[in-house]
Amino acid sequence: MKAKIYVYRSFERFWHWTQAILIIFLGLSGFEIHGSLNFFGFENAVNYHNFAAYLLLVLIVFAIFWHFTTGEWKQYIPTKELILAQLNYYLFGIFRNAPHPTKKDVLSKLNPLQKLVYFALKIMIIPLTVASGLFYIFYRYPHSSEIAALNIESLRTIALLHTVGAFMLVTFLIAHLYLMTTGETPTSNLKAMLTGYEELGHDHQQPENKN
Amino acid sequence: MRKIFSILGFGLVIYMIALNIFSDRIHEPSWRISIREKLKKDKAPAADHSRFSQLQQPFTSPQQVTEACLSCHNQTHLEVMHSNHWNWEREEYIEGRGIVYIGKKNILNNFCIGVRGNEESCAKCHIGYGSTNDNLNIEEARNIDCLVCHDNTDTYTKANEQGGNPQNTLDLNLIAQHIGRPGRANCGVCHFYGGGGNNVKHGDLEMAMFEPSKETDIHMGTDGLNLVCVDCHLTEKHTISGKMYSLSSMNRNRVTCEQCHSETPHVDEILNEHTLKVSCQACHIPEYAKVNSTKTHWDWSTAGRLKDGKPFHEEDSLGNHAYMSIKGSFKWGRNLEPEYVWFNGTASHYLSGDVIADTSQPVILNTLNGSYQDQESKIIPVKIHRAVQPFDPVNQILIQPKLYAEAVGDSAFWKDFDWQTASRAGMHDMQLPYSGEISFIKTEMYWPVNHMVSAAGNTVACADCHQRDNSRMAGLNDFYMPGRDYSEPIELGGKLLLISTLLGVIGHGSLRIIMTMNRKKRGEK
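So, in structure tokens, the structure goes:
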């Protein structure tokens with residue numbers, strides 16, 4: 000029996016899609032600043048990138064607030080449970096049309112691999128990119144006549160860390176876009192993130208999942 | 000309801016950020032107000048000199064004019080005789096050398112090489128009279144040439160090879176009665192022709208600057224602000240601010256853009272941040288030698304060829320000298336993109352007699368000091384003049400040949416075309432050893448480019464420097480610059496990561512499609 004369940008609430012969807020747009024836009028403008036692309040023109044790319052960066056910061060502040068007030072942050076705590084089963088599914092089961100090893104419901108939206116990857120994203124990759132980006136915006140060169148709060152001798156380390164973060168985010172984006180198609184049907188995850196509703200009933204045998 | 004409030008709140012925050020980022024500051028910056036005040040000042044002379052009886056007596060020599068000037072301005076000669084325009088020498092501290100007196104007598108260049116022994120000709124650009132090849136005549140106040148700087152009739156002209164004396168056809172009374180504040184012509188008559196012709200040396204100072212358009216120079220353009228040299232080169236007691244690092248070493252008495260424009264004149268904070276490491280000139284002088292060509296290369300080693308026993312010269316397609324028997328071969332350039340170096344305001348110099356330790360590299364005659372790590376340094380645009388000039392390979396010192404003499408047979412290269420006798424006589428005048436062997440060595444001179452500033456809308460663009468290939472900053476590699484620099488390993492790792500992810504995704508997806516189709520063929524669900 001399948002039931003349409005409200006999985007993604009409005010803020011969550013707003014946050015997801017705004018973040019998606021911002022990160023794609025930051026990626027385009029950022030890799031132009033990096034010298035890999037030629038699209039907006041360097042000067043525009045810098046201005047757009049800075050502007051989008053501020054928007055993303057605001058969004059992140061709201062998202063953190065939302066995660067803590069709703070308790071949704073608990074979704075991202077990694078678990079060892081069923082992680083091998085999930086890996087096994089992606090490597091083998093998926094080709095045989097085997098059932099998903101984990102059950103998706105409102106209290107557990109993420110499978111163990113997603114938990115792990117999103118957790119890494121949230122505590123490593125995004126903080127790395129955001130923090131290096133903030134240094135990028137706010138550093139001041141040491142100057143004999145001024146005492147600045149954020150003196151750096153060289154942009155090099157900051158810029159390279161920011162580049163590493165950017166490469167990882169693009170990698171995540173590619174994998175994320177593909178794995179989106181591995182739901183019940185190729186478009187069910189996309190529909191769910193657009194409308195909020197997903198058919199989550201389970202009419203076949205599932206390994207039991209706690210929560 | 001709660002949803003509406005949160006959306007409104009979110010929108011408000013974004014609106015405020017956008018307002019902050021995109022709003023132009025509407026008040027006029029204080030530097031612009033102070034410039035406007037400065038330019039409004041009345042600069043007319045305090046007295047009408049044509050009515051002074053001292054200037055109506057008939058003058059038979061230029062020295063009489065000077066005496067007439069000093070009869071009223073009876074302390075001014077002390078100021079002039081203290082200046083480097085008079086002494087052709089400054090007291091400077093050079094790192095690693097200590098305090099030295101440097102000037103045209105002991106500094107060599109890679110144009111006509113040196114003044115010493117050629118004073119009678121070179122003194123055409125000295126603010127004095129009566130110099131001979133034996134010395135620059137700077138003992139007597141009556142030899143001060145007041146008129147070359149203060150003539151406002153545009154008729155005063157110094158004679159060739161007369162030790163600094165004026166042409167003897169001039170109406171000295173007329174000139175003396177019409178003196179005033181120096182205009183562009185007074186300065187330009189020497190400073191535009193350094194090196195023996197228009198724009199040979201500087202590249203940004205040439206005869207087009209007598210009456211430039213504002214496309215050529217936004218400050219001096221006669222169709223614009225119409226500034227003259229001394230509007231920026233502020234002068235006190237005949238000491239004129241600003242100097243060239245071909246002949247000076249210390250970070251003092253400089254003219255800066257900041258003295259009018261402030262250190263952070265941009266609305267854009269990112270541009271203001273640039274001013275900590277990048278000089279104004281680096282962006283605002285995208286090219287120099289905008290009107291006439293400037294000399295970029297001088298090869299003395301080909302000098303002395305004669306046709307039918309006579310010296311000759313050849314011209315290039317733009318009408319510039321490509322070859323002269325007396326000087327050698329030249330290269331010229333117009334609308335040149337400057338080269339860029341770090342500069343902290345101090346320089347060191349090759350002084351005549353300095354032994355060249357490494358003869359495999361070009362000898363830099365005036366090293367501009369600076370680096371990224373040095374907090375005083377900024378990137379400045381320079382013209383680098385490259386040359387091949389005579390050198391004594393045994394003593395390992397640059398040769399200063401005797402170039403000018405009145406007659407053949409007086410050892411001057413320009414008359415006799417004999418490197419041996421010219422070198423021997425020149426080095427004798429310098430009181431330096433000469434081995435009798437002549438070779439030629441590559442040298443470089445660095446000429447900071449400060450004039451021919453373009454309008455604000457016509458600067459070096461961000462991407463002219465912030466790009467991977469053909470960056471204007473390609474020569475400055477001691478720092479990380481976004482858009483130009485990257486780390487090879489990170490770039491490679493990142494690309495491999497992206498490609499392998501993409502391939503993995505494509506492979507996985509294809510396999511899924513194939514397996515699904517197979518299942519359908521078999522009629523499975």
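In order, the protein sequence lines correspond to chains A and B. Following numbering that gives the first Met the number 0, the numbering of the first sequence begins with 0 at its first residue and continues without gaps. Following numbering that gives the first Met the number 0, the numbering of the second sequence begins with 0 at its first residue and continues without gaps. Backbone N, C-alpha and C fix where the C-beta goes; we use that ideal spot for every residue, glycine too.
Quick check: what's the CA-CA separation for residue i versus residue j?
i        : j        : result
Asp202/A : Met480/B : The pLDDT assigned to Asp202/A is 47, lower than 50, so where the model puts this residue is not dependable; a value taken from the coordinates is nonetheless given after this. So the two alpha carbons sit approximately 58 Å from each other.
His190/B : Cys228/B : 11 Å
Gly503/B : Ile22/A  : 22 Å
Ser438/B : Gln419/B : 11 Å
Pro206/A : Lys79/A  : Note that Pro206/A has pLDDT 43, beneath the 50 cutoff, so the model's placement of it is unreliable and the number below is only indicative. Distance between the alpha carbons of Pro206/A and Lys79/A: 15 Å.
Leu7/B   : Tyr14/B  : 10 Å
Ile3/B   : Leu56/A  : 21 Å
Trp299/B : Ser212/B : 35 Å
Gly26/A  : Ala165/A : 7 Å
Ile498/B : Met123/A : 22 Å
Trp446/B : Val116/A : 57 Å
Leu172/A : Ile378/B : 40 Å
Gly332/B : Thr295/B : 6 Å
Ala346/B : Glu94/B  : 8 Å
Asp216/B : Gly193/B : 20 Å
Asn210/A : Tyr75/A  : Summary for Asn210/A: the model assigns pLDDT 37, below 50, so the residue's position carries little reliability, and this model does not support an answer.
Arg8/A   : Leu189/A : 14 Å
Asn185/B : Ile34/B  : 24 Å
Ile16/B  : Thr238/B : 51 Å
Asn208/A : Leu86/A  : In this prediction, Asn208/A scores a pLDDT of 43, lower than 50, which makes its location untrustworthy; the coordinate-derived value is nonetheless stated afterwards. C-alpha separation (whole angstroms): 16 Å.
Arg115/B : Gln399/B : 8 Å
Could you check if residue i is buried or exposed, using at least 16 other CB atoms within 10 Å of its CB as the buried criterion?
i        : result
Gly435/B : exposed
Met208/B : buried
His48/A  : buried
Gly522/B : exposed
Asn108/B : buried
Cys71/B  : exposed
Trp85/B  : buried
Val79/B  : buried
Gln388/B : buried
Arg95/A  : exposed
Phe311/B : exposed
Lys3/A   : exposed
Trp413/B : buried
Glu118/B : buried
Asn132/B : buried
Val163/A : buried
Gly408/B : exposed
The beta strand (DSSP E) spanning residue i covers which residue range?
i        : result
Asn365/B : Asn365 to Leu367
Asp409/B : First-last for Asp409/B: undefined, no H or E at that position.
Ile143/B : Where Ile143/B is concerned, there is no enclosing beta strand (DSSP E), given that its DSSP letter is neither H nor E.
Glu198/A : Tyr196 to Glu198
Phe390/B : Lys377 to Asp391
Val340/B : Glu338 to Phe342
Lys441/B : Ser438 to Pro447
Ser245/B : That residue, Ser245/B, is in no beta strand (DSSP E); it is neither H nor E in DSSP.
Thr65/B  : No beta strand (DSSP E) contains Thr65/B, which is instead part of the alpha helix (DSSP H) from Pro61 to Cys71.
Trp299/B : Trp299/B -> no beta strand (DSSP E), and no H or E assigned at all.
Ser130/B : That residue, Ser130/B, is in no beta strand (DSSP E); it is neither H nor E in DSSP.
Gly332/B : Gly327 to Gly332
Report the residue from the options whose alpha carbon sits nearest the alpha carbon of residue i.
i        : options                                   : result
Gly196/B : Met323/B, Cys148/B and Thr152/B           : Met323/B
Val99/B  : Glu118/B, Asn343/B, Met249/B and Asp463/B : Met249/B
Cys148/B : Gly220/B, Thr234/B and Asp222/B           : Thr234/B
Leu305/B : Lys326/B, Gln430/B and Asn291/B           : Lys326/B
Val169/A : Asn87/A, Gly195/A, Ala19/A and Ala44/A    : Ala19/A
Asn172/B : Ile137/B, Ser49/B, Asp222/B and Arg141/B  : Ser49/B
Glu405/B : Gly369/B, Gln161/B, Met429/B and Glu338/B : Gln161/B
Asp230/B : Lys40/B, Pro488/B and Arg518/B            : Lys40/B
Ser131/A : Ala158/A, Glu31/A and Ser107/A            : Ala158/A
Which residue marks the beginning of the alpha helix (DSSP H) containing residue i, and which one marks its end?
i        : result
Tyr47/A  : Phe41 to Thr69
Met516/B : Glu487 to Lys520
Trp72/A  : Looking at the DSSP string, Trp72/A is not in any alpha helix (DSSP H), and its letter there is neither H nor E.
Ser29/B  : Ser29 to Lys39
Checklist entry - Which runs of the alpha helix (DSSP H) spanning at least 4 residues fall entirely within the stretch 80-127 of chain B, listed in chain order? => result The qualifying runs are 83-86 and 118-121.
Next on the checklist: Just to confirm the assignment: which complete alpha helix (DSSP H) runs, minimum length 4, are found wholly within the stretch 85-172 of chain A?
Outcome noted: Assignment of alpha helix (DSSP H) within the stretch 85-172 of chain A, counting only whole runs of 4 or more residues, yields 111-119 and 125-137 in chain order.
Checklist entry - Which whole runs of the beta strand (DSSP E) in the stretch 257-290 of chain B are 3 residues long or more, in chain order? => result Counting only runs of 3 or more, we get nothing.
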